[in-house]
Amino acid sequence: MSGGERRFRLRELEVVVEARPDDQADLLQHLVNHADEAFAPTRALHLVLTRSGARGREVTEVGPGSVRRVCCDEVALGYMLYRMSTALVDVYDHQTTVHCAAASIDGRLVLFTGDRGAGKTTLLLRLLLDGADFHCDEMVAMSAGQATTLPRRLHVKEGTLACLPLLAEVCADKPLLKHGMGPRFYAVDPADLGRTWRGARGRPAAILHLTPSFSDAPVLTPLPQIAMVKELMCQALSGHRHVSRQAADICSVVNATPCYSLRVGGLHATADVV
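Using the numbering used here, read the sequence shown as starting at 108 and increasing by one per residue.
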């Protein structure tokens, strides 16, 4: 690892992020993923951050030679995190990747799905601080009855900080990042909170579909498996896979797995319900 370069592993994806000149290297700390991954690399991603004028930045992907020109460090880092996620999905192009969060509670793998803004990341952070084993807050690959969690830094929105004071302390020295039309976010690694974390693979003990109703009490109710399949199909990220293949992959995981609808109310009460 040179002064302007960081290397780490996202499951089977070997990632190199580099800053030129070296005096930008401190920015790279907001990209490094500390998930404990012991896999042999099958693919690689090398991104280089350089200056382009007083405020402009360029992100170059070594190999394909593509260049992304952006306005500032915050957008450059946000794009680099996005590219890391899409490259990881490509590693699992033989499976169906779904927008899902995951944690192990008392040793049992639980998946959490739902639309953006449903509270998945905030709830997973609360569960993490309560002692659950965090795996991911965004992507789970599904195939042959197995769910494989794909790690990335948590994308924490500003509103979450009011719910979790410890998180506010951690984010005090972090920049707010931005990608596309989405809201600004802090990129938080569980290691920032003093927690170790790793991916997981197996049949989940339960799948929860989250709907927000933050001013009400949380409610957990059984959800028919066919309804869960429909919800997960709407959250599929592997758009290149044929819909029948996606359905087969998702059904293989949902089959024989207890499914629930979780109305997300107050944070602490919802964590207690889970």
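The C-beta atom is built at its ideal place from N, Cα and C for all residues, glycine as well.
All of these numbers come straight from a predicted model, not from anything done at the bench.
Grab me the residues of Leu152's own chain with a C-beta within less than 8 Å of its C-beta, minus the 5 sequence neighbours each way, in chain order.
Residue numbering aside, residue 152 sits at position 45 when the sequence shown is read from its first letter. Excluding residues within five positions, the ones whose Cβ falls inside 8 Å are Leu120, Glu121, Val122, Val123, Glu168, Arg190, Met191 and Ala194.
What would DSSP say about Arg233, mapped onto helix, strand or coil?
Residue numbering aside, residue 233 sits at position 126 when the sequence shown is read from its first letter. The answer is helix: DSSP assigns Arg233 an H, G or I state.
Cα separation between Arg176 and Leu184?
Position 69 of the sequence shown, counted from the start, is the residue given in the question as residue 176. Position 77 of the sequence shown, counted from the start, is the residue given in the question as residue 184. So the two alpha carbons sit approximately 12 Å from each other.
By alpha-carbon positions, which one of Gly238, Phe219 and Val371 ends up nearest to Ser322?
Position 215 of the sequence shown, counted from the start, is the residue given in the question as residue 322. Closest by alpha carbon: Val371.
Which of the three DSSP states is assigned to Val277 in this structure?
For the purposes of this step, residue 277 is taken as the residue at position 170 of the sequence shown. Looking at Val277 - three-state DSSP - the assignment turns out to be helix.
May I ask you to verify whether the region 138-158 touches the region 265-284, counting CB pairs closer than 8 Å and requiring at least 3?
Three or more Cβ pairs closer than 8 Å define a contact, and the region 138-158 falls short of that threshold against the region 265-284.
Could you tell me whether the Cβ atoms of Gly306 and Thr256 are closer together than 7 Å?
As a working mapping, residue 306 is identified with position 199 in the sequence shown. As a working mapping, residue 256 is identified with position 149 in the sequence shown. The answer is yes: Cβ separation under 7 Å.
Using the Cα positions of Pro282 and Tyr367, report the straight-line distance between them to the nearest angstrom.
For the purposes of this step, residue 282 is taken as residue 175 along the sequence shown, with counting starting at 1. For the purposes of this step, residue 367 is taken as residue 260 along the sequence shown, with counting starting at 1. Their backbone Cα atoms lie some 36 Å apart in a straight line.
By DSSP, does Leu203 sit in helix, in strand, or in coil?
The count along the sequence shown starts at 1 and reaches residue 203 at position 96. Before going on, a small fix: residue 203 reads as Thr here, not Leu. In this structure, Thr203 counts as strand in the three-state DSSP scheme.
Tell me whether Arg308 counts as near the ligand GDP, meaning its Cβ is closer than 6 Å to at least one heavy atom of that ligand.
In the structure shown, the ligand GDP is absent, as is every other ligand, since no ligand is present at all.
Beta strand (DSSP E) containing Gln97: first to last residue?
Only positions 108 to 381 of the chain appear in this structure, which leaves residue 97 out of reach.
Is the CB-CB distance between Leu231 and Ala208 below 7 Å?
Indexing the sequence shown from 1 puts residue 231 at position 124. Indexing the sequence shown from 1 puts residue 208 at position 101. Cβ distance < 7 Å, so Leu231 and Ala208 count as in contact.
Tell me where the alpha helix (DSSP H) around Val360 begins and ends.
Numbered from 1 along the sequence shown, position 253 holds the residue referred to as residue 360. Segment Val350 to Val361, the alpha helix (DSSP H) holding Val360.
If you count every other CB in all the chains shown that lies within 10 Å of the CB of Ala254, and 16 or more means buried, which is it?
Walking along the sequence shown from the start, residue 254 turns up at place 147. Per the 10 Å Cβ criterion, buried.
Beta-carbon within less than 8 Å of Ala313's beta-carbon, same chain only, minus the 5 sequence neighbours each way: which residues are those?
The count along the sequence shown starts at 1 and reaches residue 313 at position 206. Result list for Ala313: Arg215, Val217, Leu218, Thr364, Pro365, Cys366 and Tyr367, in chain order.
Measure the beta-carbon distance from Arg382 to Glu245 and round it to whole angstroms, keeping in mind my assumption that it falls under 8 Å.
Outside the shown range of the chain (108 to 381) lies residue 382, about which nothing can therefore be said.
Hey, out of His242, Ala334 and Gly111, whose CA is closest to Ala126's CA?
Position 19 of the sequence shown, counting from 1, holds the residue named residue 126. Taking only the C-alpha atoms, the option nearest Ala126 is Gly111.
Could you check where the beta strand (DSSP E) with Asp382 kicks off and where it finishes?
As shown, the chain starts at 108 and ends at 381. That puts residue 382 outside it, with no answer to give.
Under three-state DSSP, which class holds Ser192?
The residue you call residue 192 lines up with position 85 of the sequence shown. Three-state result, Ser192: helix.
Within its chain, find whatever has a CB closer than 6 Å to the CB of Lys285; leave out the 5 residues flanking it on each side and keep chain order.
Your numbering for residue 285 matches position 178 in the sequence shown. Hits under 6 Å: Glu181, Val182, Gly185 and Arg291.
Rounded to the nearest angstrom, what separates Ala378 and Asp240 at their Cα positions?
Locating residue 378 in the sequence shown gives position 271, counting from the first residue. Locating residue 240 in the sequence shown gives position 133, counting from the first residue. Looking at the two C-alpha atoms, the distance is approximately 14 Å.
For the alpha helix (DSSP H) containing Ala59, name the first residue and the last one.
This structure leaves residue 59 out entirely; the chain is present only between 108 and 381.
Taking the alpha-carbon of Pro325 as reference, which of Leu374, Asp299 and Val166 has the nearest alpha-carbon?
As a working mapping, residue 325 is identified with position 218 in the sequence shown. Nearest of Leu374, Asp299 and Val166 to Pro325, Cα basis: Leu374.
Between the Cα of Leu117 and the Cα atoms of Asp143, Pro128, Asp133 and Ala132, which residue gives the shortest distance?
Mapped onto the sequence shown, residue 117 falls at position 10. Among Asp143, Pro128, Asp133 and Ala132, the Cα nearest to that of Leu117 belongs to Asp143.
In the DSSP output, which residue or residues are listed as bridge partners for Glu168?
Looking up residue 168 in the sequence shown gives position 61. Glu168 pairs with Leu154.
With distances taken from CA atoms, which of Asp237, Gln131, Val198 and Leu134 is nearest Arg302?
Numbered from 1 along the sequence shown, position 195 holds the residue referred to as residue 302. Among Asp237, Gln131, Val198 and Leu134, the Cα nearest to that of Arg302 is on Asp237.
With DSSP as the reference, label Gly163 as helix, strand or coil.
By one-based count along the sequence shown, residue 163 stands at place 56. In this structure, Gly163 counts as strand in the three-state DSSP scheme.
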